[in-house]
Amino acid sequence: MFCMAQLISRFGDGLTTIVILYVVGTTSNDPLLIGFVLFCQYSPMFFFGLIGGVAADRFQKHHIMIAADLFRSFILIGMIFSLNNPVYVITLVFLSGIGSAFFYPARSSYIPVVVGEKNISEAMGVSQSIYSVMQIAGPGIAGLLLLFFSPTALLIIDIFTYSLSACFILLTAVLVRKNNKDEESSPSTSKEKQWTAIKQGLKVVFQSAPLAFLILLLTQVMFIAGIFNTTSNSILLQEFQVSGFHFGMIEAFSGIGAVIGSILGPYLLGKFKPGYILMTTTIFMGIWMMVIIPVEFLEALFGLPPVYLWVFGIGLMNAFLNVPISSLFLGLTPNAYRGRAMSILQMFSNFGIILGLIIAGIFSKYIGVIWITAISGGVLLAISLLSMRMKGFAALLNVTKKNKDTSTAAQLEV
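Heads up: take any position in the sequence shown, counting from 1, add 401, and you land on the working numbering.
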């Protein structure tokens with residue numbers, strides 16, 4: 402049931418994104434508004450994520466998720482009546498992002514309740530697979546539906562997906578309670594003031610060397626990802642001048658790579674230490690982004706196959722990053738702090754993306770999207786190699802699949 406809720410919710414997210422970008426792009430000639438759409442998608446998690454994390458620890462997690470889904474449904478109703486005004490639409494995108502800032506910390510911290518502590522890695526692999534499948538299906542189906550239906554009709558479909566997601570979450574909560582699984586809010590958090598609860602969550606995360614290291618590493622990785630998100634479409638559409646058909650197929654190849662990576666991720670976590678998988682992936686990610694320079698020459702000689710292969714590799718390595726980071730963060734954090742911990746993770750992740758969007762927008766005008774992508778890859782490679790000399794990485798290597806749910810979590814209790 403919970404997987405169905407995630408599947409439907411992620412499909413709705415993809416549907417909304419394509420519709421909003423289409424509406425804003427066709428009703429305004431100002432490209433800056435497209436940038437505002439992306440900013441309003443990512444920034445609410447940075448501004449409101451910690452509040453959402455405290456709520457996830459203080460109240461029943463399924464209540465938070467259901468309320469967030471219903472809130473986003475009402476926002477979509479407002480969008481239907483505002484489609485002719487891009488400014489109103491972008492404002493509503495920001496409000497919808499606030500709902501997501503409450504939904505995702507609760508969702509992530511609810512996974513151990515549903516699957517049990519010992520199955521976190523496998524569950525995160527399934528969760529990442531769902532995300533990756535919807536990365537392919539959501540935008541693709543939305544683009545197809547736009548050929549036959551109006552944006553208003555698609556938003557009505559999206560309202561239905563959020564409402565259906567809320568129903569599946571409610572059914573999941575009933576099954577969890579029937580199986581006598583524990584989903585208690587933290588008593589200490591319930592008594593704390595909001596600011597005290599936030600400070601306590603920050604203290605728990607940053608006093609743990611492995612968690613602090615993961616935050617630092619992820620912020621830098623997502624900074625590079627923000628740059629790539631900004632430059633990738635320009636590379637495909639302007640530098641390589643791919644057709645609409647190939648653009649959709651290339652995006653699908655990225656999603657296929659992510660699906661394969663999310664399936665292999667839990668298996669590799671059972672064979673190797675998570676720290677090794679994480680750092681190896683960031684190193685190869687940096688190298689792979691630098692490969693865009695020879696890909697540019699190969700594309701001139703052989704056409705688009707090298708581009709397909711390059712984008713497939715990006716999707717594969719994205720999954721190899723997401724699965725170990727999420728499973729490590731959940732496994733290393735005490736149950737009473739998981740909502741806040743995941744919100745901190747997502748907050749710093751989105752901060753990196755926003756910073757990357759800004760930097761890429763400024764410098765791509767002067768050095769070109771190909772070179773800024775390659776330079777970003779070189780920076781990521783250097784960061785990864787330097788990070789291996791930090792104390793946090795050494796602490797991360799002491800974490801294995803067997804001990805991360807017991808000894809390390811016990812040491813974090815305060």
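From the three backbone atoms N, C-alpha and C, an ideal C-beta is built for every residue, glycine too.
Report task. Mind listing, in chain order, the continuous alpha helix (DSSP H) runs of no fewer than 4 residues lying wholly within the region 640 to 682? Result -> Here the runs fully enclosed are 645 to 672.
Query raised in the report: Can you give the Cα-Cα distance for V770 and P735, rounded to whole angstroms?
Result: 42 Å
Query raised in the report: Out of curiosity, what's the CA-to-CA distance linking R411 and G666?
Result: 20 Å
Query raised in the report: When we look at the beta-carbon of N485 and count the other beta-carbons within 10 Å, is it buried (16 or more) or exposed?
Result: Its Cβ having fewer than 16 others within 10 Å, N485 is exposed.
Report task. Would you please state the rounded distance, in angstroms, between the beta carbons of V438 and L422? I believe it to be under 8 Å. Result -> 6 Å
Requested in this report: Could you tell me how far apart the beta carbons of S777 and I625 are, in whole angstroms, since I believe they sit closer than 8 Å?
Outcome: Correct: roughly 5 Å between the Cβ atoms.
Query raised in the report: Taking one C-beta from the region 562 to 581 and one from the region 468 to 476 each time, how about it: are there three or more such pairs within less than 8 Å?
Result: Enough Cβ pairs lie closer than 8 Å, so yes.
Requested in this report: Give me the Cα-Cα distance between A598 and G453, rounded to the nearest whole angstrom.
Outcome: Straight across, the Cα-Cα distance linking A598 with G453 is about 11 Å.
Query - Unbroken stretches of the alpha helix (DSSP H), 4 residues or longer, contained in the region 590 to 624 - result: Fully enclosed alpha helix (DSSP H) runs of no fewer than 4 residues occupy 595 to 607 of the region 590 to 624, in order along the chain.
Requested in this report: Pull up the distance between the alpha-carbon of G740 and that of G415, whole angstroms please.
Outcome: Cα-Cα distance, rounded: 24 Å.
Report task. Please state whether DSSP places T734 in a helix, a strand or coil. Result -> coil
Query raised in the report: Going by the CB atoms, is the gap between F614 and L782 shorter than 8 Å?
Result: no
Query raised in the report: Which first and last residues belong to the alpha helix (DSSP H) in which S509 is found?
Result: Following the DSSP letters along the chain, one finds S509 inside the alpha helix (DSSP H) bounded by residues 487 to 516.
Query raised in the report: Would you report the Cα separation of G753 and N723, rounded to the nearest angstrom?
Result: 15 Å
Query raised in the report: When the Cα atoms are used, what is the spatial distance from M650 to A659?
Result: 14 Å
Query raised in the report: Y511: which of A406, F549, P706, F472 sits nearest, CA to CA?
Result: A406
Query raised in the report: Would you call G517 buried or exposed, if buried means 16 or more other Cβ atoms sit within 10 Å of its Cβ?
Result: exposed
Query - Nearest candidate by alpha-carbon position, reference G762, set G627, I726, F698 - result: G627
**Report entry** Local Cβ density within 10 Å of P588, reported as buried at 16 or more and exposed below that
**Finding:** Confidence in P588 is poor, its pLDDT being 49 and thus under 50, which makes the residue's placement too unreliable to answer from.
Report task. Would you kindly work out how many angstroms separate the C-alpha atoms of I478 and F698, rounded to a whole number? Result -> 48 Å
**Report entry** A701 versus Q747 - alpha carbon distance
**Finding:** 39 Å
Query raised in the report: What three-state label does DSSP hand S551 in the structure shown?
Result: coil
Query raised in the report: What first and last residue would you give for the alpha helix (DSSP H) that runs through S820?
Result: Because the chain in this structure spans residues 402 to 815, residue 820 falls outside the shown range and cannot be described.
Query raised in the report: So what does DSSP say about L717, is it helix, strand or coil?
Result: helix
Query raised in the report: What is the residue span of the alpha helix (DSSP H) that L637 lies within?
Result: From DSSP, L637 is part of no alpha helix (DSSP H); its letter is neither H nor E.
**Report entry** Host alpha helix (DSSP H) of S474 (start-end)
**Finding:** 462 to 481
Report task. Count the other CB atoms, across all protein chains shown, that sit within 10 Å of the CB of G793; report buried if there are 16 or more and exposed otherwise. Result -> Label assigned to G793: buried.
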